[in-house]
Each structure stands twice: as C-alpha cells, then as structure tokens.
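Encoded as structure tokens, the structure appears first; notes follow it.
Numbering (our numbering), first residue to last: -5 to 187.
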C-alpha cells in the first residue's frame, strides 16, 4: 500500500504527496508515479485512486504523442488557459512564440540540456531583452509542467543561472558655480515678488 506523506513547502505551508509503484514498462524497468502539492490528505487519496484507475485502464506507458517542446507548450497552454486570465495567456503566447519556440520548438524533450538552456538564456541577455528573466521563468514553468505530466525527467531551464547586467557607474549631477549663482538670484527674485 502506498503511503501518503506530509511535507512542508518552501513557503512554510503543509502539503501531501505520494510516490507509487505502478508496474514495469515495455523495457522491463520499474515505473513510479509521483504527485505532490495536495492541500489535504483526502485530495492526495483521491488523486492516488484516480492515478491507479488510469494505470489500470491505460497501462503504464507514457503518452508518446508529446515528443517536442512545441507539443509540450501546446499541452501546457491548454491547461494554463483554465487557470489564468486571457491577458496573461496573450502575454505568455507572445513571449514564448516569439522568443522561445524558434530555439526550442523542434527539440525533442529528452534532447533539451541544461547547457543548451543556459546558452539560450545568455543569448536573450546579450540581445538586450529586458524581459529575459521572464522568458526563462515561463520556459521553466512549461518544463515543470512536463515534469509533472512525466513527459520530462527533469527541468533543465530551472537549473540555469540568470546573467546580471553590470551596473553602470552613475555620474554625479551637480550645478556649476555660475548655475548656482543664477539659481539663487532667481530665488531672490521670487521672494521679492
């Protein structure tokens, strides 16, 4: 029997999780399904029951229809539409379709590496996009969804490091002696009025 475990999230809240053995795949390897983030033990029990029912009906193998990052993005977008406002969807679509899909869209999910993701983040930074942290965040969010759906083994974008822009030395702004004299003369004229 699978144990439902209680754990504490980074923000200090309590949640529940489980990791269940569901059988062997076609290659003879043991297959486990992990789910976490449930607010109550009852929610975790219901999710576990649904998962076991799904495995019983559909088998252990993963959905092979999602192979590329673009496939995963479309699947994530459909799910994301249920959770956020249309304006957020429009923003995400614009950023992902313009800045992420041209680089990652045709990549097979298992071929995406941390090194490639870091190169991509650096490229966005060097091209001068101020929103490059947001591009990285949304891409990592899509990959996190792929992990949750067990389409990806890890999230390479989450392991990348954001480059930081060098702070430009601020030049002190001050008045010259002549400008100060003029300024004080103007103040005297205003007071006399």
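We treat Cβ as the ideally placed atom computed from N, Cα and C, and that holds for glycine.
Put residue i into one of helix, strand or coil per three-state DSSP.
| i | result |
| --- | --- |
| residue 42 | helix |
| residue 86 | helix |
| residue 188 | The requested residue 188 does not occur in the structure, where the chain is confined to residues -5 to 187. |
| residue 27 | strand |
| residue 143 | coil |
| residue -4 | coil |
From the DSSP output, read off the bridge partner residues of residue i.
| i | result |
| --- | --- |
| residue 102 | 62 |
| residue 159 | None, per the DSSP bridge assignment. |
| residue 1 | 9 |
| residue 15 | 26 |
| residue 32 | 10 |
Taking the C-alpha atoms as reference points, what is the distance between residue i and residue j?
| i | j | result |
| --- | --- | --- |
| residue 81 | residue 136 | 18 Å |
| residue 172 | residue 160 | 35 Å |
| residue 122 | residue 108 | 22 Å |
| residue 149 | residue 174 | 59 Å |
| residue 154 | residue 95 | 18 Å |
| residue 93 | residue 62 | 16 Å |
| residue 104 | residue 66 | 12 Å |
| residue 102 | residue 141 | 14 Å |
Of all the options the options, which has the alpha carbon lying nearest to the alpha carbon of residue i?
| i | options | result |
| --- | --- | --- |
| residue 87 | 68, 97 and 102 | 68 |
| residue 5 | 31, 145 and 52 | 31 |
| residue 152 | 138, 83, 91 and 17 | 138 |
| residue 70 | 118, 133 and 163 | 133 |
| residue 52 | 19, -2, 118 and 60 | 19 |
| residue 157 | 124, 184 and 185 | 124 |
message: Contact between the region 32 to 48 and the region 95 to 115 is defined here as three or more beta-carbon pairs at a separation below 8 Å; is this criterion met?
response: Below 8 Å, too few C-beta pairs join the region 32 to 48 and the region 95 to 115 to call them touching: fewer than three.
task: Could you tell me whether the region 157 to 167 touches the region 176 to 187, using the rule of 3 or more Cβ pairs below 8 Å?
output: no
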